[in-house]
Structure formats: structure tokens, C-alpha cells
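Novice: Each number in the numbering used here comes from the position in the sequence shown (counting from 1) with 1336 added on.
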Amino acid sequence: MARLPRGQLREMILDATDRLLFETGNVDAVSIDAVVDAVGCTPPALYYYFPTKDALVHEVGQRRYERFAEDLEGSLPTTDDPIVELKARGHAYLDWGVGHPVHYRVLFMTPLPPPSGEDPDDPSRAPGLAELIDNLDRAAAAGLITPADPLEMALAFWSIVHGITSLTITNPELPAEVMHGILEITGAAVIGHYAA
């Protein structure tokens, strides 16, 4: 392989890993050999940037989580009402999962390990979850819900939406409009639990 501009090989490695990961939908199916073959580089060149497969997969996952969060935020309506936004966030999440089932399975139904030797990231700062926590903080500040532990509230909402999204993806015969209706019912129950 000809010498590339600084950083270009790193991006090529990330792009190839991303492609292999989401084509197969399986972390175990992505090997270092498969990545270097796809890129046309040597294992030492890959290891220069990523000391382990875990580090490589972790970074690919982080990039995808960030894209997911950007997609989600971009699909929300403009509103000053944090509860309206919260409900829209749940429906947008469900739509994204149904529209990207392989990506959803890999990102939210498959353990993606942190890089070797590093502690897992603070979950409250994870892309998607951080924005949900902010949404809930604004609802509490507006007096629409009772302030509680932000991570607990976010996980309560996320567990509802994740469960419905996972159920919809694994049972594609379930009508999307029915699942959105179930989301309204269960989301209202969680909102009611934290009601001010």
C-alpha cells in the first residue's frame, strides 16, 4: 500500500471495521485479518492505531452511537415543552430502531467491550442517553416532573422504549402503529410516576 496522508489509514481502518461489523451484525465475525484484508494494510499498521480488536470495535461503536444521537436529535420537533419533546424522543427512537434493525441490534443488543485496560465510560454521558438526561432535567426545572436521580429517570424511560423497540425488531409482524400506541401507554405510566 502506498504511503497515505497522516490519519487517512486510521479512518480507512475504522470505515472497513464499521462496514464489516454492520454487514455481519456480529462482533465475533469481525477479525483483524478481515479488516486488514479489506483495507489492504498489514496487521502492524492496524495495531499502530488500535492496540487491540476491542479498542477498534469500541471506537467504531462510539462513532455509531454519536451518529445515532445526531439522527435522533435531528428528527425531534422544535418545542418549548420538554414533555412533548420526551414523547417525541421515544417515538423517534422506535422509528430509528425499526429503520435500522442491524445497527440497532449491534449497538443496543450486543455487548461492545470498552478498550482493554480502561474503565467503561460514564453512562450518563453516552450519546443519546446524555440528551435524554438533559431533556428530563429541563422537564424537572419546568416543574413538569419531580426531580429525581437523572440517570435513574433516564434508564426508566430508556428501558420502556428499548423494550418496545427490541420487541418490534424481533417480531416484524407486529404493526408499527400498534407499537407506537403501546409506547404512548407505557411512556405515560413512567411520566405519571415522576409527575410533579
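Ideal Cβ positions, reconstructed from N, Cα and C, are used throughout, including at glycine.
Give me whichever residues DSSP pairs with A1532 in a beta bridge.
Specialist: Here the question's residue 1532 lines up with position 196 in the sequence shown. In the DSSP output, where bridge partners are listed per residue, A1532 has none listed.
Novice: Please classify T1378 as buried or exposed, where buried requires at least 16 neighbouring CB atoms within 10 angstroms.
Specialist: Position 42 of the sequence shown, counted from the first residue, corresponds to residue 1378. Its Cβ having fewer than 16 others within 10 Å, T1378 is exposed.
Novice: Between P1483 and I1469, how many whole angstroms is the CB-CB distance? I'm expecting something under 8 Å.
Specialist: To locate residue 1483, count along the sequence shown from 1; it is residue 147. To locate residue 1469, count along the sequence shown from 1; it is residue 133. Contact flag wrong, Cβ pair sits at about 12 Å.
Novice: The alpha helix (DSSP H) that contains G1343, what's its start and end?
Specialist: Indexing the sequence shown from 1 puts residue 1343 at position 7. Looking at the DSSP string, G1343 is not in any alpha helix (DSSP H), and its letter there is neither H nor E.
Novice: Could you tell me which uninterrupted alpha helix (DSSP H) segments, each at least 4 residues in length, are contained entirely in the stretch 1386 to 1446, listed from first to last along the chain?
Specialist: 1389 to 1410, 1418 to 1435 and 1437 to 1445
Novice: Figure out for me which residue from L1430, A1477 and I1527 has the closest Cα to the Cα of H1498.
Specialist: For the purposes of this step, residue 1498 is taken as residue 162 along the sequence shown, with counting starting at 1. Considering only alpha carbons, the answer is L1430.
Novice: Quick one: using the 10 Å Cβ neighbour count with 16 as the cut-off for buried, is I1521 buried or exposed?
Specialist: Along the sequence shown, read from residue 1 onward, the residue named residue 1521 stands at position 185. Flag for I1521 reads exposed.
Novice: Once you ignore the five residues that flank L1392 on each side, which residues in its own chain have a CB closer than 6 Å to its CB?
Specialist: Mapped onto the sequence shown, residue 1392 falls at position 56. Taken in chain order, the residues that qualify are T1353 and F1386.
Novice: Rounded to the nearest angstrom, what separates R1461 and R1355 at their Cα positions?
Specialist: The residue you call residue 1461 lines up with position 125 of the sequence shown. The residue you call residue 1355 lines up with position 19 of the sequence shown. Distance between the alpha carbons of R1461 and R1355: 26 Å.
Novice: Can you tell which of V1434, I1368, P1413 and W1432 has its C-alpha closest to the C-alpha of A1424?
Specialist: The count along the sequence shown starts at 1 and reaches residue 1424 at position 88. Of V1434, I1368, P1413 and W1432, the residue nearest in Cα terms is P1413.
Novice: Kindly identify the DSSP beta-bridge partner or partners of I1481.
Specialist: Counting from 1 along the sequence shown, the entry for residue 1481 is found at position 145. Its beta-bridge partners are A1531.
Novice: Quick one: what's got a C-beta closer than 8 Å to I1500's C-beta in the same chain, skipping five residues either side?
Specialist: The residue given as residue 1500 occupies position 164 in the sequence shown. Closer than 8 Å at the Cβ level, and outside the excluded window around I1500, lie L1430, M1515, I1518, L1519 and T1522.
Novice: Would you mind sorting P1418 into buried or exposed? The rule is 16 or more other CB atoms within 10 Å of its CB.
Specialist: Position 82 of the sequence shown, counting from 1, holds the residue named residue 1418. So P1418 ends up on the buried side.
Novice: Could you check if T1415 is buried or exposed, using at least 16 other CB atoms within 10 Å of its CB as the buried criterion?
Specialist: The residue given as residue 1415 occupies position 79 in the sequence shown. By the 10 Å Cβ count, T1415 comes out exposed.
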